Structures are given as structure tokens and as C-alpha cells.
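Number of protein chains: 4
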Amino acid sequence: MSPKIVDKDAKRAEILFAAMRVFSEKGVAKTKMIDIANAAKIGKGTIYEYFHSKEDIFGQTFQHFYKDMQAILEKAITATDDPVEKLRLLFNISFSEFLESSGDLAKIIMEFWAEGMRNKDEKILGIFNLKQIYAEYRTLISDILKEGIQNGVFREVDTISLAAILIAAMDGVTLQWIMEKDLLNIRQISNVLLDILLDGIKK
Amino acid sequence: MSPKIVDKDAKRAEILFAAMRVFSEKGVAKTKMIDIANAAKIGKGTIYEYFHSKEDIFGQTFQHFYKDMQAILEKAITATDDPVEKLRLLFNISFSEFLESSGDLAKIIMEFWAEGMRNKDEKILGIFNLKQIYAEYRTLISDILKEGIQNGVFREVDTISLAAILIAAMDGVTLQWIMEKDLLNIRQISNVLLDILLDGIKK
Amino acid sequence: MSPKIVDKDAKRAEILFAAMRVFSEKGVAKTKMIDIANAAKIGKGTIYEYFHSKEDIFGQTFQHFYKDMQAILEKAITATDDPVEKLRLLFNISFSEFLESSGDLAKIIMEFWAEGMRNKDEKILGIFNLKQIYAEYRTLISDILKEGIQNGVFREVDTISLAAILIAAMDGVTLQWIMEKDLLNIRQISNVLLDILLDGIKK
Amino acid sequence: MSPKIVDKDAKRAEILFAAMRVFSEKGVAKTKMIDIANAAKIGKGTIYEYFHSKEDIFGQTFQHFYKDMQAILEKAITATDDPVEKLRLLFNISFSEFLESSGDLAKIIMEFWAEGMRNKDEKILGIFNLKQIYAEYRTLISDILKEGIQNGVFREVDTISLAAILIAAMDGVTLQWIMEKDLLNIRQISNVLLDILLDGIKK
DNA sequence: AATGAATGAGGCTTCATTCAT
DNA sequence: GATGAATGAAGCCTCATTCAT
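If you read the protein sequences in the order shown, they are chains P, S, D and B. For the first sequence, the tail end lands on 216 under the numbering used here, and the numbers increase by one without skipping. For the second sequence, the tail end lands on 216 under the numbering used here, and the numbers increase by one without skipping. For the third sequence, the tail end lands on 216 under the numbering used here, and the numbers increase by one without skipping. For the fourth sequence, the tail end lands on 216 under the numbering used here, and the numbers increase by one without skipping.
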């Protein structure tokens, strides 16, 4: 009576991870559906049981990345009340829990950035709205900074601009890390950079 | 040496600029040869009189970007003997002369990064060897830092790591700038960031 | 003979009717197996328990149509001995019992015709041999006409050609009926046409 | 300076005729783009220089058929003032100039009918609006009949219904002709039928 | 028997590149 | 040199059919 029972969500996730691996290896444009199928060890047609199109897979890859990032931010800012500590957690967790754990994902981030920064029609903007994501991100960090200013930990500064600086620093380090995962001790670099930045804004 | 050669070079450059405009607007993968031809107001077939392939155009776009960058670095480090001033020039010139002047180019940088960070066969590596470029870049900045240390301007630091930090900061700001050209006063942000960083390593 | 066989046949018929509905709505080529399955409220795979292939379903749809037509012919020519009445019954029954009762079927007739008139390999010819069907049809009507001539009801005419004319008239009216089920009073048109035709051949 | 000079319209027509040949041989659904390309002795991709899609080709095939028909009607109704003669011309020209001259086209008519009688979205309706075409056709013939009634040639009849009958007769004969191009003397059949019909409505 | 998940052959279409003019 | 018409390799996606449950 009943057909093969499959955990559709689990399989969808499997395919997504396979796609991420291939995307990060070959780049989105040069990835063929058959590559994803092979990576997932399924037939070409099976992919379409779980995704509408290649574009859809790329979009969901981004969603996945974004949700992970959200979770990390959430975790970081609720773990402690100390603004300084919050920023340090943000910096550290980004690398340890997000990038290092899914190193594959890292290389696609560039494609997210490239894709996300172009003007899109409404439909795509709902998925790839990097501008909005960064705006939210700045607000979140700005709030932490305001806290610190209120607590008397930080100097009076333009919190939004400073948030942009912190994000810039994180992204920059991310780029370096992607480029030279092995050669540079990025963890240390990241810490040094954060120390300098924190030092610069502390009262 | 004949006038024709000059014409050829001029036209090649024209096509290259047209290509850059389209690349930055639609992304490299989604740019068709016909788009470039239209943008350059020439026939589709004419492109092949000046370039071997689409890949070739993309490669030369990168070369152009790279040469511009080289020139800026050159200019910066020869303009003064003061290491601090050299770094400041590096930061400022990057934005004023490079990015701001060819805003179109900025959006393709992501594609360079995305493209450049994948493992390639020898032929491509000769063109898109980002790792090597960044390594050179780090060496150059490291040399400035060493100068500063010798001069007693900077503390004793791991110059290569610090170079990486400075590059990270610059790249990060670039990203922010691409994303929010209008909203954020990136020039100011970049200066603030540099001040903080310099402050952090000054003796 | 066991109840299962009855079930099987009933279900096969159900699927066939579902298929006919969808065929007539979307056309055979644009009908997917899943459409038929949905229309029949069964699973996609179940269809294959009752039919070998989509082609098979289409073939059996035709067979069904053909058997209905045969039955109508049979009914018409055995109901009375009067040749004129036989022809009138043929005309009328065609519409009342066949087309009007299964209006869905009507739209597929075009596909039967389109499919049936192409040269086919042996296998298909056994199912879709329209030429033969029409030849039989002509013979049957020709026999009625011959009867009428012998009885002195009809003039001496080329019975095969006249049979073709009668069939042409019926098919033509069918087409009009399919096209404008609602606007034209086809029943009346059909009667008028038949009256004219009969009048033309009566002695 | 100038590239290959091609009469685009001529080539488009060539491809269209090739497509019509293949359509009529294999049916639209079973015709592959490569079949059309081969029939036209061009490359697969070349088709797309002249048509948007397979659907487009089919649509334009229909347009072509329709324009031919229009021209025939025009020719018939302007050639004489005698209503009876007009109808006879309509009947005869349809076969001699239209069907017999482009026998290939004939077999696709079924597909036009099948395609044209389904409910379509606006876009397709603009191309395949068979209902409207037949309505126009009926009006045109109805006008001829009205003329004949005014002239006292025809009895007082429901002209629209009679127009439908005449069209039905023509279509029916067409069908027979498609089916048995060789066996039946359709020209004669068509004349006999028309004679009977005219006789039936003459005063 | 019934199901729908899985499959891959096959079709449509795109587009970089070629080449005759 | 310049052009765009022609091409076909290659990729995305569909869908009839299979088959494990």
C-alpha cells in the first residue's frame, strides 16, 4: 500500500550539502546539475524532486548560510551581558562555529557577495537581499555598541559607522582566511585585530 | 608601430571597458558576448579580432585591475619615506584613485576573488593567481612595516601577520563600500579604521 | 471470473475514462501520466498495473471509441428494415448516443484522426487503422444504399461515393458541433443536412 | 564591412515549409527540432535565428494556412456576382488551389483543428482562435446566401445555419480527401455534394 | 495490489565561436 | 577589418517508466 518511505527533508538537506561542496569547488556557474547529482550519489532527475532549478538550489544554499549566521549572532549576543565580550564572541564564533566547521561554505561566500550585490527583481531580492542583511547586521552591532557606551565601556562614537568598521574587519579577515586557510594563523590575526579595534574604542 | 597598431590597442581597450561595464552589471557568467558587443557598439564577431575568447576578456579585465593596483602601490610607496604616510597613502589612494574612479570595476572584484581563489590549471593560474598576488602584497606591506620598526615608529610585531591585518581591513572596507556606496561615508570609515590600526601598532 | 477480475476491469475502465477526460482537455501530447493518475485519483505507478504505456492508453481510448461507434452502427441497421430510416438513425444516433453522451470524447476524435491518418508500423496499424475503419464504414452504408436502390427507394447511384458523401457530411457536422457545442443548434442542422441529402438521392 | 547577405524572409519561409513537411509526416508532437533542421538542411541552432520556439513555428504554420485560406475566399467571392457561382468557386478552389497544391499541409489541418479547439490563454488565442475563424467564415458564406435570397435564387432559409452546413460539408469532404487521396474521386464527390446541397436550397 | 521516489534518455534552447562575404 | 548568419556542443529540465517497499 505504501511506497518507499523517505525523509524528504533529510534528503533535501543532503542534496543541498552536496551542491554546496560542488559550488565551492567549481563555482556556481561552472557547476552542472549532473555534478551535483554525482556528488549526492543520485540521479540527475532526482534533484528536481527536491528543488525547482539550479537557481533554487543556489538560493537555498544562501538561505542556509544566512540562517547559520543568524543563529551564531543570536547565540553570541545572548550568551553574555558584557558588550566587549559580545563583540569578541561574535568575532570568534564566526570563525570557529561557522567558517571552520563548514569550510566548504566559505568559498561560496564570494559568490553570495557577488550575486547579492547586484540589482535584482523583487523575487530574487527576497532571497539575496545582501544590503538588507548587512543593514540588519549593522543595527545589531550598533545596539551592542550603544549598550557599551551607556555602560561607560566605550567612548562616544558613531555606532553605525563603527559597526560598519567591525563588519569590514570581520569580512576582511574572512577573505584572508579563505585565501590562506593553511598559511596564516587567522585565529590569531583575528584576535589581534579585534584587540586593536576594541582598544581603539574603549574609554 | 604603424598607426593601425595604435588603433587596435585603443579599440581593444574600448572593448575591455565595455566588457567591464557589462560584467559588473550582470556578472561574468550571465554576460553574453553579444552584450559586450552591444555595449561596445561593434559587431559580435569583431570582438574575436581583439580577444581570443570570453575567458580571455575576463582575464584581461583582471590584468587591467591588477596593473592599476600595482601602479597605485608603486605610487604610494615611492611618494614618501615615512612608513606611516606610506600606509595612509595606500589606504587612501586605493579608494580615491582606484575604486571611486572606476566604480564599475568594483563590483567585478568579487568575481575576481571568487574566480581567483579556486585551484586552476597552470594556464589560468598564470593570470588569476590571487594567492601569489596577495602574498606579494603582504610582502610589500611587510617591508613598509619593517622600515617603520627599524625607524622606531612601530612596535616589534609580526610584520607578515600585521600586513595581513591591514589588507583584511582594506578589503573589508572595500566590500562595505561596494555594498553601500551611497549610505555610508566610507572615506571617513576607512580613515577611522586606519587611525585605530596605526594607533595600535605605533610605539 | 473471480471478483478480482471484475475489479480489475472496472478499474481499468475508470482509468480509461479519466484519461479520456484529460486527453480531451489538454490534448494527448500535453497530457502527462501524472495528470491521468490525478484525474483517476490513483497513484502514478498504479496506471502501469492496468496499461503498458501511455501509447497503450491512447490506443485503448480509441478502441473504446471505435466499439461505441460499432455498436451504434449495429443498433441503427438492425432496428429497422427501411433504408431511409436506417440512414436517419445512423445520423441521429451518432449525435445523441455517442457524441452528446460523451462530449469529452468528441475533442479527442481530432487526435484519433490526426494520429490515425499517418503511416504506421504494423503494430500501431492494428489499432489505429482509420483507413480500414472508414472503408468498412463506407461498405456498411453502401450496403444500406444498395438495399434502398433494390427497394426502389433510391436512384441508381455510385453507392460507395455516396457513402463517402454521407460520412463526410456526418464528420463535418461533428466538427462543427465540437467547435460550437453551444451556439449552433447542431441537431437541427444535422437533420436539415440529412433531409437535403436524402431528398437528393430519393427516386 | 558587410557580412553575408541573406534574405531573412525567404529563409524563414524555407524553414517554415520544411517544418510543415515534417509536421505533416510525423505529427507536431513527434517532430523534433532536429528533424526540422535536417529537412531545411540547416543546423539546429539556425532555426532559432528565425523562430522563437517550436510552438512559434507551429503557430506560424497555422498563420500561413489561414492566410492562404483567406486569399482563396477573397478570390472566390470577388470573381463573380452570382451567389451560386460563388459557392461553387469556394468549394472548388478550396480543393484545387489549396489542398491539392499543398498536399503536405492537408495532414496538419487535423492538428490545427485539434489544437485550435482547446481553451487557450489570451496569447495563444490570438493565433489559434479557430472559433473566431469559423465564425467569420460562417458570416462570409451567410452573406453570400443572403445575396442569393435577395436575388430570388435561394429559398428563405436560416443563412447562418446553412452556412454551417456548407462548411460542415466542405470540412467533411476534406477529411475524406486527406484519408483517401488516391482511392476516391473526391473532386467528383465534392461536386455531387455541392449539387445536392444547392439543389436543396434553390427556389 | 498500490504507491511515489528514483531515474536517465531525450528534447528544447542557449550561446561561444567560426567563417563567408 | 568588420560583420552577423550559421553552427553544434553542452546544459537544463521534463516525464514516461521502473521498482523497492
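Glycine is no exception: its CB is placed at the ideal position from the N, C-alpha and C atoms. This structure is a prediction, so every number in the text was calculated from the model and none was measured.
- Contact annotation: in the region 116-137 of chain D, residues whose CB is within less than 8 Å of a CB in chain B are LYS120, MET123, GLU124, TRP126, ALA127, GLU128, MET130 and ARG131.
- Under DSSP, S:LYS215 forms a beta bridge with S:PHE167.
- Sorting B:GLU160, B:ALA53 and B:LYS120 by C-alpha distance to the C-alpha of B:ILE90 places B:GLU160 at the top.
- Between P:LYS99 and P:ILE157, the C-beta spacing is below 7 Å.
- The three-state reading of DSSP puts P:LEU196 in coil, since its state is none of H, G, I, E or B.
- DSSP places P:ILE90 inside the alpha helix (DSSP H), whose first and last residues are 67-92.
- Selection B:ILE60, B:ASP20, B:LYS67 and B:ILE28 evaluated against B:LYS43 yields B:LYS67 as nearest (Cα-Cα).
- Distance from S:ALA32 to S:ILE49 at the Cβ level is roughly 5 Å; contact confirmed, criterion being Cβ atoms closer than 8 Å.
- Taking a cut-off of 8 Å for Cβ pairs, the region 170-180 of chain P and the region 198-216 of chain S touch, as three or more such pairs fall below it.
- At least 7 Å separates the CB of B:VAL166 from every CB of chain D.
- The C-alpha of B:THR152 is placed about 15 Å away from the C-alpha of B:ILE162.
- Rounded to the nearest whole angstrom, the CA to CA distance from B:VAL97 to D:ASP212 is 19 Å.
- In the three-state reduction of the DSSP assignment, S:ARG151 falls in the helix class.
- Around P:LEU210, the same chain offers ILE178, LEU179 and ALA182 as residues with beta carbons nearer than 8 Å, after the five sequence neighbours per side are excluded.
- In this structure, the beta-carbon distance from P:MET192 to S:MET123 does not fall below 7 Å.
- For B:GLU38, the enclosing alpha helix (DSSP H) begins and ends at 21-39.
- The residue from B:GLY56, B:LYS215, B:SER37 and B:TYR150 with its alpha-carbon nearest to that of B:ASP184 is B:TYR150.
- Of the residues S:PHE64, S:LYS39 and S:LYS45, the one whose Cα lies closest to the Cα of S:ASP22 is S:PHE64.
- Between P:SER37 and P:LYS144, the C-beta gap is not smaller than 7 Å, which leaves the two residues out of contact.
- Exposed is the label assigned to P:VAL19, since fewer than 16 other Cβ atoms lie within 10 Å of its Cβ.
- For P:GLN76, the closest Cβ of chain S is not nearer than 7 Å.
- Spatial neighbours of D:ILE140 in its own chain (CB-CB distance under 8 Å, excluding positions within 5 residues in sequence) are listed in chain order as GLY72, PHE75 and GLN76.
- Rounded to the nearest whole angstrom, the C-alpha separation of P:ASN198 and S:LYS216 is 24 Å.
- In the three-state reduction of the DSSP assignment, B:ASP48 falls in the helix class.
- What B:GLY40 touches in chain D, judged by beta-carbon distance under 9 Å, is ALA42, ALA127, GLU128 and ARG131, going in chain order.
- Nearest C-alpha to S:ALA176 among S:LEU188, S:ALA148, S:VAL166 and S:GLN201: S:ALA148.
- Of all residues in the region 92-108 of chain B, none comes within less than 7 Å of chain D when Cβ atoms are compared.
- Among the residues of chain S, those whose CB is under 8 Å from the CB of P:LYS144 are MET192 and GLU193, following chain order.
- Considering only beta carbons, no part of the region 149-160 of chain D lies closer than 7 Å to chain B.
- Here DSSP, grouped into helix, strand and coil, assigns B:ARG101 to helix.
- Interface flag for P:ASP69 against chain S is unset, since no Cβ pair is found closer than 7 Å.
- Nearest CB-CB separation between S:SER174 and chain P: below the 7 Å threshold.
- With a threshold of 7 Å between beta carbons, B:GLY72 makes no contact with chain D.
- Rounded to whole angstroms, B:GLU87 and B:ASN105 show a C-alpha spacing of 14 Å.
- In the three-state reduction of the DSSP assignment, P:ILE60 falls in the helix class, which pools H, G and I.
- The closest CA to that of S:LEU118, considering only S:SER174, S:ARG200, S:ASP134 and S:LEU188, is found on S:LEU188.
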